[in-house]
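Since the structure comes first, as structure tokens, the remarks are kept for the end.
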Amino acid sequence: NKNRQWLSDLVWHSYFDNTILSLIIFSSFLLAVDNPLDDKEAGKAQALLVLDYIMTTIFTMECVLKIASFGFLTHRGAYLKNGWNQLDFIIVIFSILSLSSNSPSMKSLRSLRTLRALRPLRMISRNPGLKLVVNALFRSVPSIINVLFVCLLFFLIFAIVGVNYIKGRFFA
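Going by our numbering, the first residue of the sequence shown is number 243, and it counts up by one from there.
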């Protein structure tokens, strides 16, 4: 399909990717500036809310463009078959849900606003170097758990020796 081919060219273009990366950085900065203790009627809080709506809309449009280009789930190379795209999709869904929590009927979703802090994780999927580091960290977790287990055994050994050696000499 010509439309899907055009969308695919758009989504894979380096300008598109760099623009989204810049917006993710800007959105992360806005999250850092936001203070939950600020007066909700103040100009700063209102401006941050409007910018949050704009960022969420842009990220949603990016997600929709990628889904239209790659397919959602059943196609070969579909959007949700990539783990990093799954992370992006979940973060966009949480952003939409957190914005819907501003309406009075959806106050129960207000706690989801804290999940907006996951937005900076979207930068990982844009940078191959960061992907490499994160994948290496995930692959090293079993080895780290083994080292942790050995360290805990040494702590246990020294704790037993210490308790047996001191035996109440501190009168406690």
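Ideal Cβ positions, reconstructed from N, Cα and C, are used throughout, including at glycine. Since we're looking at a predicted model, the values are computed, not measured.
Asked, Found
"Hey, is the segment 294-306 in contact with the segment 389-406, meaning 3+ C-beta pairs nearer than 8 Å?", "no"
"Give a yes or no on contact between the segment 362-371 and the segment 323-330, applying the rule of three or more CB pairs nearer than 8 Å.", "yes"
"Near Leu416, which residues of its chain fall below 8 Å by C-beta distance, leaving aside the five closest residues on each side in sequence?", "Past the edges of the chain, shown from 243 to 414, lies residue 416, and the structure says nothing about it."
"Pull up the distance between the alpha-carbon of Glu283 and that of Pro362, whole angstroms please.", "27 Å"
"For Lys286, collect the residues of the same chain with a Cβ closer than 7 Å to its Cβ; drop the 5 residues on either side in sequence, then sort them by chain order.", "Asp280"
"At which residues does the alpha helix (DSSP H) containing Phe312 begin and terminate?", "285-312"
"Between which two residues does the alpha helix (DSSP H) carrying Thr261 extend?", "256-275"
"Provide the residue span of the alpha helix (DSSP H) that contains Asn388, from first to last.", "370-408"
"Decide if Ile402 is buried, meaning its Cβ has at least 16 other Cβ atoms within 10 Å, or exposed.", "exposed"
"What residue range does the alpha helix (DSSP H) around Gly325 cover?", "325-342"
"For Ile309 versus Tyr321, is the C-beta spacing smaller than 8 Å?", "yes"
"Are Leu360 and Phe380 touching if we call contact CB-CB under 8 Å?", "no"
"Comparing C-alpha positions only, which one of Leu307, Ser270, Thr316 sits nearest to Asn245?", "Leu307"
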